[in-house]
Amino acid sequence: MATTKKSIAIDMDGVIADVETHLLEKYELRSGISLTKQQIIGRNDDTLFPENLLVEFLNEPHFFRTVPVMDGAVEALRKLSQNFEIYIVSAATEFPLSFGEKLAWLNEHFSFVTWHNIVFCGKKSIIKTDYMVDDMCKNLDHCLGKRLLFTAFHNHDVKHHQRFDDWDSILEFFESEVIA
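Residue numbers (the working numbering): 134 to 313.
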């Protein structure tokens with residue numbers, strides 16, 4: 134008798150795609166001001182970038198296609214997919230250019246995740262998985278399963294979700310879930 138794997142919804146931007154690094158690089162090219170991840174901890178998008186600059190970056194052609202992969206993400210998802218049903222979930226509808234770019238990016242870096250397990254949506258409240266890994270509280274707050282907050286500059290002060298700073302700590306968490 135086949136057993137059903139538990140499911141994990143995994144966000145793209147800020148979780149498997151290192152958008153912070155990409156935005157800081159774009160910002161330095163545009164403004165000449167170099168910022169580190171340490172310098173932006175606790176700030177939000179509104180206070181970090183001048184008016185409309187973030188939206189300009191996110192609407193640039195190739196922005197989403199050229200985002201670096203988050204350290205450890207490929208290896209972690211490959212490992213997790215052995216014991217869990219993995220879904221890559223992105224609220225991509227806000228940025229229409231992102232669809233094709235995100236799909237191409239996923240096919241390049243996460244080719245072991247099939248198109249059946251890629252979900253582009255507007256609101257993640259429609260996602261019903263056993264676990265969700267995301268950097269945005271607005272997505273985790275609606276999750277019916279266990280919520281894993283991936284640390285990002287904008288969620289530094291969040292205290293109501295279990296926090297994970299990197300993919301190693303997430304793997305550690307899921308290793309204990311498999312044993313339990």
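All residues carry an ideal CB built from backbone N, CA and C; glycine is no exception.
Residues sharing a beta bridge with Q99, DSSP: In the structure displayed, the chain extends from 134 to 313; residue 99 sits before or after that span and is not available.
Pull up the distance between the alpha-carbon of M134 and that of W248, whole angstroms please. Low local confidence applies: a pLDDT of 49 at M134 is under 50, so the model's placement there is unreliable, with the coordinate-based value given in what follows. Each residue's Cα considered, the two are about 26 Å apart.
Within this structure, are the beta carbons of H287 and D268 separated by less than 9 Å? Yes, the Cβ-Cβ distance between H287 and D268 is below 9 Å.
Would you call the CB atoms of V252 and I219 closer than 9 Å? For the 9 Å CB-CB criterion, V252 and I219 do not form a contact.
Through-space distance from E310 to N177, alpha-carbon basis: CA-CA distance, N177 to E310, rounds to 32 Å.
Cβ-based burial, N240 [other Cβ within 10 Å; buried from 16]: Flag for N240 reads exposed.
When every heavy atom of the ligand PLP is checked, does at least one fall within less than 8 Å of the C-beta of H242? Annotation note on the ligand PLP: not contained in the displayed structure, which lists no ligands.
Using a threshold of 9 Å, state whether the C-beta atoms of N192 and L157 are closer than that. Going by C-beta atoms, N192 is not nearer than 9 Å to L157.
Can you tell which of G233, Q295, N185 and L277 has the C-alpha that lies nearest to the C-alpha of F283? Nearest to F283 by alpha-carbon distance, out of G233, Q295, N185 and L277, is Q295.
May I have the straight-line CA-CA distance separating P161 from L168, to the nearest angstrom? Going by the sequence as given, residue 161 is Glu instead of Pro. Each residue's Cα considered, the two are about 7 Å apart.
State the beta-bridge partners of V222 as determined by DSSP. Answer by DSSP bridge pairing, in chain order: D144 and V252.
Length of the line joining the Cα atoms of S258 and G175: When rounded, the distance between both Cα atoms is 25 Å.
Counting pairs of beta carbons, one from the segment 269-280 and one from the segment 291-307, are three or more of them closer than 8 Å? Here the segment 269-280 lies against the segment 291-307, with 3 or more beta-carbon pairs under 8 Å apart.
Which same chain residues, not among the five before or five after L315, have their C-beta less than 7 Å away from its C-beta? Since the first and last residues shown for the chain are 134 and 313, residue 315 lies out of range.
Please report the residue range of the beta strand (DSSP E) in which E266 lies. Going by the sequence as given, residue 266 is Val instead of Glu. That run of the beta strand (DSSP E) goes Y264 to D267.
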